[in-house]
Structures are given as structure tokens and as C-alpha cells.
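Residue numbers (our numbering): 1 to 765.
Virtual Cβ for every residue (Gly too), placed ideally from N, Cα, C.
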């Protein structure tokens, strides 16, 4: 039997702070993951489920997109091919707790809106479609047919299809994503905001401009055989734990690792692999050879300095540059000189350490650069990633074994969704192929991304919101503004597996559509189906659920899209929606005709390890850019002005969290127990600001708008925790800190919210 969901929340008054963890994973991590699994699923269900996670005949982890070993390349999968947080993610989805009509009858929406995200998520799996009609206080059950009628009527009643926005979470399968974008474009809009707009949009923008494709250029084997791996703005111990096993292999083979981060993260300091003897009885493996504790927002200045040192040493691959690169002379004209005083101010690093890192880069013959949200959510995130590409181009580190770019994605299929057409700005070639394949007109005008969707809802230009998975309210910036925007909609629809914050922020009419999870059997008219996903390294593979569905009333994401399409677009629509619902192979046949690199999809995806999508820079040093070559770029750091008495805040996850899903109220690696409303501040800064560790404070963000006015936002009742952050910097968990991130504070070019480098002040609560 599994324990029931918590009846009440634990607030910040229960907070306990101890020393940070000294090693990632290890036996304790295994025990924690098993305990959570037993609590949520029970012993029998745990024993049946976890051995299928990330296995060839099993299901893809609903957590991160770190790739599985490819046995065709000689890497064997372990019997337990999952990490602590992967096990937690599966336990959350495969829980025996249920949220049915009787739950909603007991709890009015106003009451649920006062609960924490943790409490909401712990109530269990949604079991039936629910509707909140205009004027009602409670969600009530509704049949599927009527639900689709209500949604279709609401969408058809809009003055224009562009008054609707269709959001996608990265957990959506390739098949569902392909049909979803086809439905949306058949309806007549490109308003397809997705979670990538808030995370790796900066990576896609920078990489498309510089190397011609917005994806990483390395394989798992490349990472593990690198001489040097840069891990920048990333905490793999919590967010991509299986990556630690790959970094351990780098060390075992004599490679070196550089960690660049404002916080010392346990996973990058020492790793105790629970799947070998050293991880059980030894001290584990020290991973980072060099830890550069950078100031928030100082990464561009650091890489500018490193490039200048590489140029000064003459350590460039001139043959590669002459054959494959463009813009080298323009780049070098501004890149050779370093203002060391400005660099020290921006980075907080001394010149000696920067020169030491440069020597490591110069001596490496195979370098991989990895990064995540710590870079992409900066105002100059795109420029910073372009500067990292400059460094790799200087050294000829694109398109060779053991070298390349590695943006590490979070959501399990966020990269696959983009490949399948989930983007508001898909290129003409894709749209034309879609039009030819299905014989339907496809709109060409670019749609709205996530930030612009919220702005449009605020202005009344978007009146209907459909969310295919995810938790839009808790994932987005400027929480109060997002809540007002959604509540102003005529219609909101959420396709979900579990209760979350977005369900209690309804439009005038709101529906919850419960769907199958990745772990569950998907039986359709032609038998059991499987879906496919794409990992961070462009490998497309099968995911096949094995558990009985949480309720007989659930529909798969594919079925939801197909039935809504039939109701919305009518029986005469040329797309074979009913056939697609019955047989997912038919969907893949069409994907093969539309999506580049997916030819012969059905056969290739049935290969034991799936197949790898083409990547011209990686495969042949071919760069499909505007110049036909890899592009050097000129990037100028803009100093972040922090007034006296203020700090720079970054939002982050706890170790008991995956994206907006909160597994528990502890952060073992940082020594925090039973509390999330905390702000981590360097001890010297705490004293200088006149506070003490444990003080209760309100956090106020200050943002200077383009017109020069200063906007303030508040998040109240946070405990100060003394933590060895970089001086002048602070950190807090999202979604609790999301109200501090201004909607209009976005990264240049990518429009990604700037959740890193928020100017804040603290006041006593």
C-alpha cells in the first residue's frame, strides 16, 4: 500500500538547515529514490516499474533528456538504467493516489488556489475530464464527447484563429507533437508557444546562427572520450544526474572537467556512483579539476578573456578556420585585448585562474562544452553561447570525435517536439512539406512564443489557451501577471496527468483533460501502441508503457488531439484523424515525408537503439548557415549595474524537484530540509546587509524598464540561508521566486525570460 497524500503543507517555519552534501548520488540516493517509489507506488508496483525505465523494451524516463547508452557502439545498459530523480519522476507518474470527481466536489477552486504547488502535485493522478463553467465554484465531471464540443465551440467562436494559443510541454511524444502542430496549423495559426521558449531558445538562436543547426553536435561517446569537458551554468547532480556517470568515465580515461557556476554544486565536486564498488564503499570520484565560481552574468566576459588568451598563444586550428569558418578577421580584430579590471569585476575571478583554464583549453585536443539554464536565461545568453562557439571554432572543435557543443536539455522530449514542428517560426521548407503532404493550407505568418502569448492574453488579443502538458503558470515568469492573463481568457484547456497550479487559474470556462503517462499501456484500435522521443543528442527511440492506465477514462495525447481535430475541423477535413488514433504507424509514415532526417521512420525507429538524426556540422563539417560556413561572431559584454545594498538573484531547482514538479520539501545536496521559501546568500553579504542567517525577509526585485522607470515585484516570507554563493549573488527556488522575474526582462534575440541576474533587495518581513 502507498501512503496517502499530505493533508497540509509544511511552510518555511519547519525549515532546517545543515551542511551541504559532500557527494552526489551514492547509496543514500538509491535509498531515497526507493523510499519515494514505495510511498507513491507500493512495493509490487515499484518492483515492476523501475526495471523498465530507459530500457530498450521499456519506457523513456519522463524526466530529463540525457541519452541512453547505445549498445551498437559497445556501451551496455545497466540493469538499473536510471537515476534518483528519474525514479522520483516515475513514482510521481505511477502513483496510486487519485484525483477524481469526488476530490473536486470536496474542494472549491478558490480553496485549491491557496494550496502550494507541492500539495497540489501530491494529490495524485487525474482520472476523468472535468469542467469549470462560468460562474461555478467547483470543477465537475464531463464526458469526453461533450468536452471536445465545448472546446471546439469556444475556438470556432473566436474572431480569428490567432486569438488562440496552443502551448506544448517537453513531455509530449513525437507523434502527439506532430499531430498537435498539424491541428493548430489546420485551424489557421502558428501560435505554438512551448517550454523551450523559456529554456534553450537561446541555445537554438545562437547555434543556428553560428553552425547552422540549433542542436548539440556531440554523441554520448564524444562526451565520454573528451580530453576536457566544460560544464557551464549547469547542475547535473540534480537536473541531469545520469550525466555524472558519463563525467566519471571522462575522469577514468584521464580527461579533465571545468565547472563554471555561481554556486558550488555537489554533483560537480564529487560523485559516488551507486552502480559500482567505489560508489558504495569508497569516497567516489572527484569530478571538477577546476571550479570557477563566477558571478551571475559574468560568463560572456570570461569566454571573451579565454578567447583572447587562446589567440595570444597562437593556439588556433588555422586549417579548420580557413576551410570551414567565416568572419575570423572581424572576430580577431576585437578579440585580442582583455580589460582585466573589467573582467575581474564582471566575473569575480582572478586572472591567474582564467589563465589556468586557458592553458587547459590550449592543451586539450578534444573539448566538449556543455551548458544549461545558467547561460540561456541571461540577458546576453545568446551572445554568451556564440562566444563559446567562437572558442570551439578557434580550436577546431566542431565535427571531430570527442569534441563539440552540448546544450543539455531538460524535459524528456523538448528537442523532439521542436523537430516535429512545435515552434511559432517554423521555416518555409517544413511548412511547404506539411501543406503538400496533407493538402491543407498552412499559415505562414509567425506566431507567438511564450512571453508574447502572455502579453497577448494581457491585452485581450488571445482569448483561448490550450496547454498540451506542463504547468504553464508555474513555469512562466512574472507569476502575478501570468495569472491575470490566464484568468482573462474566455477558455482555458489543460491536458495533464496530475493536478497542478495551472488548473486553479482558470479562464471563464476551464477544462482539465486527463491523459496517459509515459509509463502506461496505450491500447488503440489496432492494438498496443508505442511512441517515440528524441534525446539531447538527436537519437530517436521508442518508448513503450507497461502499466495499466490510472483510470479507464484516460485518453492518450494522440487520441485527445485526433478527437479534438475531428470535432473542430469537421468530418470533411482531408487529414485522416480517426486512422491516426487507431494506428500510430500511420502518423510516423507522414512524419517520414515531412520531417528532414526521418525517412523510413517506422523501420529505423524499430532498430534496437533507434536512429540518429543527421547533423551536418557533426557528420561532415558542413554548416548550413547563411554564409555556408561556421560563423565567428563579435559579442560585447554589457556590465550589469547593481546598486549598493542589492544582490543578483538566480532562480534554480532543489534536488527534490523536476521542472515545476516538486517531489519533496528538501534539498539534500544543499543541506536544506522541510522548506522551499529560502534565499541563499553568501555569509559575508548577509552580515554586510545587516541580516543574520535564519532571518525572515521579503524579497523585492528591481527592474529598469526601457523608459527608465523602475518596476518592483515582491515575494514575501523567505528565510535567509547562509551559503557559499559567489559574492554579491543570491539564489532561490522556482516557482516560488518566479513572481520576481519581470515579464518584459528577456534575453536579447531569443526572448527567453531573464531568470538569472535579477536585481533584488531584502527587507525584514
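DSSP places residue 208 inside the alpha helix (DSSP H), whose first and last residues are 201-210. Secondary structure at residue 701: strand, using DSSP grouped into helix, strand and coil. The beta carbon of residue 765 sits closer than 7 Å to the beta carbons of 696, 697, 698, 716, 717 from its chain, once the five residues preceding and following it are set aside; these are given in chain order.
In this structure residue 725 touches residue 680 by the C-beta definition: roughly 6 Å separates them, less than 8 Å. Residue pairing from DSSP places residue 467 in a beta bridge opposite 167, 494. Taking 4 residues as the minimum length, the alpha helix (DSSP H) runs contained wholly in the stretch 553-594 are 557-569, 577-582, 584-594, in order along the chain.
Residue 765 carries a coil assignment under DSSP once its states are collapsed to helix, strand and coil. The beta carbon of residue 733 sits closer than 6 Å to those of 654, 676, all from its chain and outside the five residues before and after it, given in chain order. Considered as a whole, the stretch 662-692 harbours 683-688 as its complete alpha helix (DSSP H) runs of no fewer than 4 residues, in chain order. With a contact defined as Cβ atoms closer than 8 Å, residue 434 and residue 540 miss out at about 19 Å. The C-alpha of residue 183 is placed about 45 Å away from the C-alpha of residue 304. Per DSSP, reduced to three states, the secondary structure at residue 598 is coil, with no helix or strand assignment. If you ignore the 5 residues before and after residue 480, its C-beta comes within less than 8 Å of the C-beta of 713, 739, all in its own chain and listed in chain order. Residue state for residue 732 is assigned as strand, using DSSP reduced to three classes.
Per the coordinates, the alpha-carbon of residue 495 lies some 14 Å from the alpha-carbon of residue 518. In this chain, residue 350 is not harboured by any alpha helix (DSSP H), its DSSP state being neither H nor E. For residue 753, the beta-bridge partners assigned by DSSP are 746. By the C-beta density criterion, residue 550 is buried, having at least 16 other C-beta atoms within 10 angstroms. Pairwise C-beta distances place the stretch 191-210 out of contact with the stretch 595-610, as fewer than three of them are shorter than 8 Å. Here residue 360 is not near residue 181, since their CB atoms are 9 Å or more apart.
Within the DSSP bridge table, the entry for residue 229 names 257, 368 as partners. Counting the other Cβ atoms within 10 Å of the Cβ of residue 242 gives 16 or more, which makes it buried.
Within the stretch 401-451, the complete beta strand (DSSP E) segments at least 3 residues long are 404-407, listed from N- to C-terminus.
Shortest Cα-Cα distance from residue 658 to any of 493, 235, 220 involves 235.
With the rule of 3 Cβ pairs closer than 8 Å, the stretch 581-589 counts as touching the stretch 553-567.
Going by DSSP, residue 385 is part of the alpha helix (DSSP H) stretching over 381-394.
Taking C-beta atoms under 8 Å as the contact rule, residue 378 and residue 747 qualify, at a distance of about 6 Å. Straight across, the Cα-Cα distance linking residue 760 with residue 686 is about 13 Å. For residue 159 against residue 138, the beta-carbon gap comes to about 31 Å, at or over 8 Å, which does not count as contact.
By alpha-carbon distance to residue 581, the top candidate from 168, 178, 171 is 178. In the DSSP secondary-structure assignment, residue 522 is bridged to 529. The Cβ-Cβ distance between residue 299 and residue 257 does not fall below 9 Å. Note on geometry: alpha-carbon atoms of residue 395 and residue 123 lie some 52 Å from one another. Of all C-beta pairs linking the stretch 397-412 to the stretch 149-168, fewer than three are shorter than 8 Å, placing the two stretches out of contact. A contact is defined here as three or more CB-CB pairs under 8 Å, and the stretch 86-101 meets this definition with respect to the stretch 117-131.
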